[in-house]
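K.L.:
Sharing a structure here in structure tokens format.
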């Protein structure tokens, strides 16, 4: 189910990208990059926080 | 005087390739390609300066080459044909960008009488088409059309051992989790580009990939994101790496044939050629 959702989402993201002229495609990728970076950094920060707390608890 | 050129992104792989080339050649031209969508080209000066300080300022020449026109031609030349035949493969921006850089580098080499060119292509980055051994072989043949001998001196070096997402979380800090075979990890570390750079005194540690320093020494580009979305979410599910590699080779073989024709025309007609007109100086 997740694969089908991802594939459908990716299809529309890529369809928009492949039809764009090159400068617009660059800006579009840039926008996707910032969104990805925002999500990734949040994800990493939360997981790092969990690991730090686990480590602290284990040392107690 | 023995001279060579290198496609220089400022990252660890191309810096090591440059350092190895400087052991073999008297003078090295560091070619950093710039275009719309690649930000902060001045970052590449950091390692260029380190190389100049380490090997001699008169032996290193760092030049910036805009590739906007060539990149547009490489990505959008005969676009309708490519779109119908290969579909979303046309989003392989990283491979197409590198192809544009190779074309610009070949023009630079021809204009400056340089016959040897190298770059920091590395087998550890084999999802990028330009770093696949089969595509590299095609690139080598394309360069021969311009009389340029293209090599990849750091191709067989290992990539860093902890570049995965999970590694960056530093699980070893959690005492009750297993940390893996430390001895094996230590041995693998010594085969990386980072280790060699550290030994040469060009990097402060043996693995700077993904660090703040890494980000501050090369250009920033997010266009791989669109490529990654296509590759990991749309194309790869249900397919093997071998299929992807074969499809990439098919797509890039045709692109290289077009690029090779541009190079041949440039060698023959120089100022009247399309490649010359596309080359910003």
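Residue numbers (my numbering), protein chains in the order written: chain A, 335 to 394; chain B, 313 to 593.
Ideal Cβ placement from N, Cα and C applies to all residues, glycine included.
1. Say whether chain A places a C-beta atom closer than 9 Å to the C-beta of residue 542(B).
2. Residue 537(B) CB to nearest chain A CB: under 9 Å?
3. How far does the beta strand (DSSP E) with residue 376(B) in it extend, from its first residue to its last?
4. Could you please tell me which residues of the segment 446-468 of chain B, in chain order, have their CB closer than 7 Å to any CB of chain A?
5. Which residues does DSSP pair with residue 647(B) in a beta bridge?
6. If you draw a straight line from the alpha carbon of residue 476(B) to that of residue 342(A), how long is it in whole angstroms?
7. Using a Cβ-Cβ cut-off of 9 Å, state whether residue 343(A) counts as contacting chain B.
8. At a Cβ threshold of 9 Å, is residue 546(B) touching chain A?
9. Measuring alpha carbon to alpha carbon, tell me which of 341(B), 363(B), 499(B) ends up nearest residue 529(B).
10. Quick one: list the residues of chain B neighbouring residue 366(A), beta-carbon separation under 8 Å, in chain order.
11. Check the Cβ-Cβ distances between residue 375(A) and every residue of chain B, and say whether any is below 9 Å.
12. Mind pulling the chain B residues with CB within less than 8 Å of residue 352(A)?
13. Mind checking whether residue 414(B) and residue 373(B) have CB atoms under 9 Å apart?
14. Please check if any C-beta of chain A sits within less than 9 Å of the C-beta of residue 501(B).
15. Taking the beta strand (DSSP E) that residue 316(B) belongs to, which residues open and close that run?
16. Rounded to the nearest angstrom, how far is the Cβ of residue 420(B) from that of residue 377(B), given a contact under 8 Å?
17. Who are the near neighbours of residue 321(B) in its chain, counting only those whose CB is closer than 8 Å to its CB and skipping five residues on each side?
18. Given a threshold of 16 other Cβ atoms within 10 Å of its Cβ, counted over all protein chains shown, does residue 365(A) qualify as buried or as exposed?
19. At a CB-CB cut-off below 8 Å, which residues of chain A make contact with residue 387(B)?
20. Cα-Cα, which of 368(B), 323(B), 521(B), 573(B) is closest to residue 354(B)?
21. Do residue 518(B) and residue 509(B) have their CB atoms nearer than 9 Å?
22. Does DSSP classify residue 518(B) as helix, strand or coil?
23. Is it a yes or a no for the segment 439-452 of chain B touching the segment 542-562 of chain B, going by three-plus beta-carbon pairs under 8 Å?
24. In the DSSP assignment, find the unbroken beta strand (DSSP E) run with residue 582(B) in it and report its ends.
25. Taking residue 363(A) as the reference, give the member of 536(B), 370(B), 438(B) with the closest Cα.
26. Can you give me the C-alpha to C-alpha distance between residue 351(A) and residue 389(B), rounded to a whole angstrom?
27. Determine, using beta-carbon pairs with one atom in the segment 404-412 of chain B and one in the segment 365-384 of chain A, whether at least three such pairs fall under 8 Å.
28. Quick check: what's the CA-CA separation for residue 452(B) versus residue 565(B)?
29. Taking a Cβ distance cut-off of 9 Å, strictly less, list which residues of the segment 320-349 of chain B are near chain A, in chain order.
30. Is residue 304(B) near residue 411(B), with beta carbons less than 9 Å apart?
31. Write down every uninterrupted run of the alpha helix (DSSP H) in the segment 353-412 of chain B whose length is 4 residues or greater and which is fully enclosed by it, in chain order.
32. For a quick check, are the C-beta atoms of residue 514(B) and residue 402(B) less than 9 Å apart?
33. Apply the 10 Å Cβ neighbour rule to residue 478(B) and answer buried if 16 or more other Cβ atoms are within range, or exposed otherwise.
34. The segment 547-562 of chain B: which residues have C-beta closer than 9 Å to a C-beta of chain A, in chain order?
35. Can you have a look at residue 332(B) and say buried or exposed, based on whether 16 or more other CB atoms are within 10 angstroms of its CB?
P.N.:
According to the structure shown:
1. Counting from 1 along the second chain, the entry for residue 542(B) is found at position 230. With 9 Å as the cut-off, residue 542(B) counts as an interface residue toward chain A.
2. The residue you call residue 537(B) lines up with position 225 of the second chain. Output row for residue 537(B): interface = yes.
3. Walking along the second chain from the start, residue 376(B) turns up at place 64. 372-378 is the span of the beta strand (DSSP E), which, as asked, contains residue 376(B).
4. none
5. Outside the displayed span of chain B (313 to 593) sits residue 647(B), for which this structure offers no information.
6. Residue 476(B) sits at position 164 when you count from the first residue of the second chain. Residue 342(A) sits at position 8 when you count from the first residue of the first chain. Note on residue 476(B): pLDDT 49, under 50, position unreliable in the model; the coordinate value appears next. Rounded to whole angstroms, residue 476(B) to residue 342(A) spans 27 Å at the Cα level.
7. What you label residue 343(A) is simply residue 9 of the first chain in a count that begins at 1. So, interface residue.
8. Within the second chain, the letter at position 234 stands for residue 546(B). By this cut-off, residue 546(B) is an interface position.
9. Taking the first residue of the second chain as 1, we reach residue 529(B) at position 217. The shortest Cα separation from residue 529(B) among 341(B), 363(B), 499(B) belongs to 363(B).
10. The residue given as residue 366(A) occupies position 32 in the first chain. Neighbours of residue 366(A) on chain B, chain order: 534, 537, 538, 541.
11. As a working mapping, residue 375(A) is identified with position 41 in the first chain. Judged by the 9 Å Cβ criterion, residue 375(A) is not in contact with chain B.
12. As a position in the first chain, residue 352(A) is number 18, starting the count at 1. Those are 395, 399, 400, 402, 403, listed as they occur along chain B.
13. Taking the first residue of the second chain as position 1, residue 414(B) is located at position 102. Taking the first residue of the second chain as position 1, residue 373(B) is located at position 61. No, the Cβ-Cβ distance between residue 414(B) and residue 373(B) is not below 9 Å.
14. Working through the second chain from its first residue, we reach residue 501(B) at position 189. Output row for residue 501(B): interface = no.
15. On the second chain, residue 316(B) is found 4 positions in, with the first residue counted as 1. It spans 315-319 - the beta strand (DSSP E) in which residue 316(B) sits, taken as one unbroken run.
16. As a working note, residue 420(B) is residue 108 in the second chain. As a working note, residue 377(B) is residue 65 in the second chain. Residue 420(B) to residue 377(B), Cβ: 6 Å. Contact.
17. Mapped onto the second chain, residue 321(B) falls at position 9. 344, 356, 432, 530, 531.
18. Along the first chain, read from residue 1 onward, the residue named residue 365(A) stands at position 31. Exposed is the call here.
19. Looking up residue 387(B) in the second chain gives position 75. What residue 387(B) touches in chain A: 356.
20. Numbered from its first residue, the second chain carries residue 354(B) at position 42. Checked all of 368(B), 323(B), 521(B), 573(B); the closest Cα to residue 354(B) is 323(B).
21. Here the question's residue 518(B) lines up with position 206 in the second chain. Here the question's residue 509(B) lines up with position 197 in the second chain. Against a cut-off of 9 Å, the Cβ pair of residue 509(B) and residue 518(B) comes out as a contact.
22. On the second chain, residue 518(B) is found 206 positions in, with the first residue counted as 1. The answer is coil: DSSP assigns residue 518(B) none of H, G, I, E or B.
23. yes
24. Working through the second chain from its first residue, we reach residue 582(B) at position 270. Neither: residue 582(B) is in no beta strand (DSSP E) and is coded neither H nor E.
25. In the first chain, residue 363(A) corresponds to position 29, counting from 1. The shortest C-alpha separation from residue 363(A) is found at 536(B).
26. The count along the first chain starts at 1 and reaches residue 351(A) at position 17. The count along the second chain starts at 1 and reaches residue 389(B) at position 77. Rounded to the nearest angstrom, the two C-alpha atoms are 16 Å apart.
27. no
28. To locate residue 452(B), count along the second chain from 1; it is residue 140. To locate residue 565(B), count along the second chain from 1; it is residue 253. Roughly 12 Å between the two C-alpha positions.
29. 347, 348, 349
30. Outside the shown range of chain B (313 to 593) lies residue 304(B), about which nothing can therefore be said.
31. 357-367, 380-388, 391-398
32. Position 202 of the second chain holds residue 514(B). Position 90 of the second chain holds residue 402(B). For residue 514(B) and residue 402(B), no; Cβs fall outside 9 Å.
33. Taking the first residue of the second chain as 1, we reach residue 478(B) at position 166. Any answer about residue 478(B) is weak, because its pLDDT of 48 lies below 50 and its placement is not dependable; what the coordinates show is given next. Exposed, since its Cβ has fewer than 16 Cβ neighbours within 10 Å.
34. 547, 549, 550
35. Counted from its first residue, the second chain places residue 332(B) at position 20. The residue is buried, with at least 16 neighbouring Cβ atoms inside 10 Å.
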